[in-house]
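Structure, as structure tokens:
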Amino acid sequence: MSVVAPSPSVATSNLAAATQPRGDDDLRKVAEGFEAIFIRKILETARAADFGGEDVFGGQALETFTAMRDEYVADIVSGTGAFGFAASIKRHLAARLPGPSSSTDEG
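Here the sequence shown is numbered in full-length UniProt numbering, starting from 1 and rising by one per residue.
Below, the structure is given as structure tokens:
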């Protein structure tokens, strides 16, 4: 008896099916995650601006605290939908997914 391995295309399609969001809630979480990443990058870029002033309270501890605070703020903002990126991302992802989860609602 010989063992037959699945073809690469079958394995790829199974992997794609396993990693796709299953429902509207999963799609919303993915979209909010992308929005949070984008907001973190905006905050990081804004903080990288140097206006020539001397940083009195600088140091590794402050940098760590600032990064943690920015992550927290980005997660909160993405969950509220204040920027609207998550809703837009969700619409674009839903349009590319097969099946009933292809809704276009804003929430």
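By construction, the Cβ of each residue, glycine as well, lies at the ideal position given by its N, Cα and C atoms.
Option nearest residue i by Cα separation, candidates the options
i	options	result
Gly35	Thr45, Ile89, Asp26, Gly59	Just to set this straight, residue 35 is Glu in the shown sequence, not Gly. The residue with the shortest Cα to Cα distance from Glu35 is Ile89.
Ile42	Thr80, Gly79, Ala95, Ala67	Ala67
Residues near residue i in its chain [Cβ-Cβ closer than 6 Å; skip 5 each side]
i	result
Ala46	none
Ala74	Ala36, Ile39, Arg40
Cβ-Cβ distance between residue i and residue j below 8 Å
i	j	result
Val30	Leu97	no
Ala86	Glu32	yes
Own chain, CB closer than 7 Å to residue i, minus 5 neighbours either side, in chain order
i	result
Gly81	Ala87
Gly79	Glu32
Classification of residue i by the beta-carbon crowding that lies within 10 angstroms, buried from 16 upward
i	result
Leu27	buried
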